[in-house]
Each structure stands twice: as structure tokens, then as C-alpha cells.
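Residue numbers (my numbering), protein chains in the order written: chain A, 1 to 264; chain C, 265 to 460. Glycine residues also receive a C-beta, built at the ideal position from the N, C-alpha and C atoms. Bear in mind that the values here come from a model prediction, so they are computed numbers and not experimental data.
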């Protein structure tokens, strides 16, 4: 089936490529220039609004903490950095991913979450509780040996969402945690263990064993956590085949949340 | 065979060159060269998602226009073709979703026939693809049509490699059933990795 599918799709691809009727590149550049002008105008307007808000509003701090006007020190990271990550065994290093940010509705890819991938991916952002206008930022790191097919190493992804209000953020975290808890039901070979010592920081360690009937497939292990403070939601995930798995803990989630809140 | 780089769109694909000949290329020259070498394969990559050549072309053209609007960053990036492909597929799927309820199945089949030389097998495959959920359709296109590795497919779709394998397995099963492949594995088959 796979070979036949490849052959049929390749033939279709060749026919379609030959039949395509491309517009002149110059016409697309005209359209693109128009889009760029429109985007710049929108940015200027948004900046003006933001400056106005900063002049009148305090930073929103959760849980009844007093509002503060302090901003994070210039240059302070708003996300986990390479220095925050657990060490890897010799010969493997963390390599940062290209950060992504914008509105959820415009995201093309943001998050890798085993089991949850279909539910909250583009992805992260297809969750019905995440509206298209929700600002997001996604960062992450890959292990340096993650280059060849069949030798998947590991990836850490951090996603920060700024929901419309505290209640929306709380509902999203509860929803994600419930879906994570349902993963074992949906994927019988998936085994997750919830660390419930910190109810406000649901944190799972999980394993997804290789299926011997499927080649190639991998034994993967990972960690998954959700947290929120005020209207800020942080999703943190690691997935990989590196042995032993990097020692991610709930403290990484706690740090990520603190950074996200401080970074605004 | 599925070992192409993330920028692989087709045989002529290449990242825009920063220089050529006696002088560095101007940005618009880079863009035009990139466009000329990739656009047909980009349409081919989107067509199976829409089942309509015209819709695929519209999505691809819009994606290139958006690429030019931010060419200062995309053109210098490692994978401008990947960027355009993701945007074009997203646009195509969005347009398809909007149109989905207005179209009848036979209209989509007729649209599939707008590609000259298309054979009955292709029409049947395109029609079967239209019945797949969008994520499964995309994963089939990226993995089987563009020969991208699972890692790249996962990154492009914003999901895990495990999720890609699940979707691949389910999509193949659905296509096999739709196309009358009697050897198709049952629906309850394991879905955590690639089939042999």
C-alpha cells in the first residue's frame, strides 16, 4: 500500500506541477508589498495603544498579590534558557529552536505534545478554549544529535499563552490537564504518571513504548506540565529517546511560569 | 526515500542564492528565482489538500505574496520553501473548510479532473484524500508526496513525531479502505509508529 501510494502520489504531483498556472512573480511582489504596508500600519497603531496602556495600568499580578509597576530587568529572559535545562550526557548538547510568536490564529506550528498533539496542536492552538486572537510565544531546544531519521533524540518545547482573563487561563489549564489524563485511555500503550504534590502545577512523567510490529518506532519518554498565573498559561514538554532522559522536574515548570509572568 | 531536507519541495528546489554571477542578487531577483524554481511543486503539494487546482493556485500565490512581504527575514532563513509550504497549506485548508459545506462530493471529484492528464486512479485518490481529516491529509502529502522525514513533518505540523506516525497509520488505513485495498490493516491496528 505504501509503495503504491507513493507511486500514485508522485505521478499526481508531476502532473499537477506541469499543469500549474503560476502568476507572474512581479504581481505577487506587488501584493506582498501591499501586505507589508498594511502590517506596518497595524503595528504602529498597536504600539500606540500599548504605550497608552502602560501609562495607566499596573502589571496584573495573580492571586491577590499587590499590583506592581516593576518591569523585569532589561535583558532578563522571559522563557527558559539553555542554562536552565538539565544536563545531557557527553556528546549531546541543547540547540535552541527558532522562537515563534504571534496570535494563535496565525500560528503555523507551535508545539509538540505527545498524545495531546492532535488536541492542542496548530496546533497548540486549536484547543477550543484558545481563541484566534490569543497571543502566544513558543520556544524550545532540541538535542544536538536529532538530525537523522531513525535517531530521534529529544525536544523541549515551552509555550506561553496570554489568555483574555484569569478565568480563561484557569479553564485552559484544567482542560489540558484533563486531556493529558485521558491520554492513557486514548493511547493504551501510553503510560503517564501525575506528580500531584503541587496541584497548581500538574506535572507528568510519561513513557510511550515502541511497538514491535511497527518499524521504525521508538521508545520515548517525556515530561509534560501546565501552569498558569493570572491570565498567563505555560505549557512545558519534553519528549525524546535520549537515555537517561534529561532530568526535567516540576521546578522547570515553576521557573518557566515565573519568567513568563515577569516577562509580561 | 523520505530523507529530504525540510526545504525539499521538488527537484528544482533551492534556497534563494545570495549571489550569482558578477554581482549579488537583489532581493527581488532572489525572490523571483526562488518563485520560479518552487512554485509548480508548491501547487503540487497543495492540490491534494484541496482537490481543486484553482484553489491550490490561489493559496500558493497568496503564500508567496506573504513571503515577499517579509522577505528580509524569510529570504535569509534556512528554509523559505518550508515557510511558503506551511502557509500555503494552511491557507488552502482554511479555504477548503469554508467551502466544504457548500460543495457536494461530485463537484470535488470534477474539480480533481481539472488537472490535464489525470488518470482515474488519481481522481479516486484525490477524492479519498478529501474525505480524510485535515491533519491526516497533510501528513500524507508531506510524508508521501514530498518525501519529508517524520521529524520535519512533525515540526511543520506543530505536533510530535508520535502524532505524525499515528496520523500516517490512520490515514493509510482510511485510504486503503477507500481505494479498495483488501490488505489494509484493521482500524484497531496499533498507531504509535510507522508501518513497515
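Simplified DSSP assignment, three categories, for residue 340(C): Taking the second chain and counting its residues from 1, one reaches residue 340(C) at position 76. Residue state, collapsed to three classes: coil.
Reduced DSSP secondary structure (H/G/I, E/B, other) of residue 52(A): Here residue 52(A) is taken as the residue at index 52 of the first chain, counted from 1. At residue 52(A), the pLDDT of 33 sits below 50, so the modelled position is not reliable; the number obtained from the coordinates is stated separately. Judged by DSSP in its simplified three-state form, residue 52(A) adopts helix.
Alpha-carbon spacing of residue 320(C) relative to residue 333(C), whole angstroms: Here residue 320(C) corresponds to residue number 56 of the second chain, with the count starting at 1. Here residue 333(C) corresponds to residue number 69 of the second chain, with the count starting at 1. So the two alpha carbons sit approximately 20 angstroms from each other.
CB contact below 7 angstroms: residue 23(A) versus chain C: As a working note, residue 23(A) is residue 23 in the first chain. Answer yes: the Cβ-Cβ gap between residue 23(A) and chain C drops below 7 angstroms somewhere.
Residue 379(C) to residue 247(A) span [Cα, whole Å]: In the second chain, residue 379(C) corresponds to position 115, counting from 1. In the first chain, residue 247(A) corresponds to position 247, counting from 1. Those two C-alpha atoms are separated by around 53 angstroms.
Segment limits, alpha helix (DSSP H) that includes residue 198(A): As a working note, residue 198(A) is residue 198 in the first chain. No alpha helix (DSSP H) holds residue 198(A); DSSP gives it neither H nor E.
Collapsed DSSP secondary structure at residue 26(A) in the structure displayed: For the purposes of this step, residue 26(A) is taken as residue 26 along the first chain, with counting starting at 1. The three-state secondary structure of residue 26(A), taken from DSSP, is helix.
Proximity test, Cβ basis, 7 angstroms: residue 158(A) and chain E: Included in the structure are the protein chains A and C, with no chain E among them.
Residue 139(A) beta carbon less than 7 angstroms from that of residue 154(A): Stepping through the first chain from its first residue, residue 154(A) is reached at position 154. Stepping through the first chain from its first residue, residue 139(A) is reached at position 139. Going by beta carbons, residue 154(A) and residue 139(A) fall outside the 7 angstroms limit.
Limits of the unbroken alpha helix (DSSP H) element including residue 85(A): Taking the first residue of the first chain as position 1, residue 85(A) is located at position 85. Per DSSP, residue 85(A) belongs to no alpha helix (DSSP H) and is neither H nor E.
Beta-bridge pairing of residue 311(C) - partner residues as DSSP gives them: The count along the second chain starts at 1 and reaches residue 311(C) at position 47. Per DSSP, none; premise fails for residue 311(C).
CB of residue 315(C) within 7 angstroms of CB of residue 394(C), strictly: Position 51 of the second chain, counted from the start, is the residue given in the question as residue 315(C). Position 130 of the second chain, counted from the start, is the residue given in the question as residue 394(C). Yes, the Cβ-Cβ distance between residue 315(C) and residue 394(C) is below 7 angstroms.
7 angstroms Cβ cutoff, residue 29(A) in contact with chain C: In the first chain, counting from the first residue as 1, residue 29(A) sits at position 29. At least one chain C Cβ lies under 7 angstroms of residue 29(A).
CA-to-CA distance, residue 335(C) to residue 275(C), given in whole angstroms: Numbered from its first residue, the second chain carries residue 275(C) at position 11. Numbered from its first residue, the second chain carries residue 335(C) at position 71. Because residue 275(C) sits at a pLDDT of 42, beneath the cut-off of 50, its placement in the model cannot be relied upon, and the following sentence gives the value as read from the coordinates. So the two alpha carbons sit approximately 23 angstroms from each other.
Environment of residue 349(C) [buried if 16+ CB atoms lie within 10 Å]: The residue given as residue 349(C) occupies position 85 in the second chain. With 16 or more Cβ atoms within 10 Å of its Cβ, residue 349(C) is classed as buried.
Boundaries (first-last residue) of the alpha helix (DSSP H) holding residue 408(C): Position 144 of the second chain, counting from 1, holds the residue named residue 408(C). Under the DSSP assignment, residue 408(C) falls outside any alpha helix (DSSP H); it carries neither an H nor an E label.
Three CB pairs or more closer than 8 angstroms across the stretch 403 to 419 of chain C and the stretch 7 to 27 of chain A: Short answer: they touch.
Chain A contact for residue 441(C) (CB, 7 angstroms cutoff): The residue labelled residue 441(C) in the question sits at position 177 within the second chain. For residue 441(C), the answer is no, since every Cβ of chain A falls outside 7 angstroms of its Cβ.
Cβ of residue 149(A) within 7 angstroms of any chain C Cβ: Here residue 149(A) refers to the residue found at position 149 when the first chain is read from its first residue. Any reading at residue 149(A) must be qualified, since the residue scores a pLDDT of 41, below 50, and its modelled position is unreliable; no value is offered.
Residue 438(C) burial status per 10 Å Cβ neighbour count (16 or more: buried): As a working mapping, residue 438(C) is identified with position 174 in the second chain. Buried, since its Cβ has 16 or more Cβ neighbours within 10 Å.
Under 9 angstroms by beta carbon: chain A residues contacting residue 300(C): Counted from its first residue, the second chain places residue 300(C) at position 36. Residues of chain A passing the Cβ test: 22, 25.
Closer than 7 angstroms at the beta carbon, the chain C residues around residue 225(A): If you number the first chain from 1, residue 225(A) lands on position 225. Going along chain C, no residue has its Cβ under 7 angstroms from residue 225(A), so there is no contact; the nearest lies around 15 angstroms.
7 angstroms Cβ cutoff, residue 46(A) in contact with chain C: What you label residue 46(A) is simply residue 46 of the first chain in a count that begins at 1. Note on residue 46(A): pLDDT 49, under 50, position unreliable in the model; the coordinate value appears next. Chain C contact via Cβ: absent.
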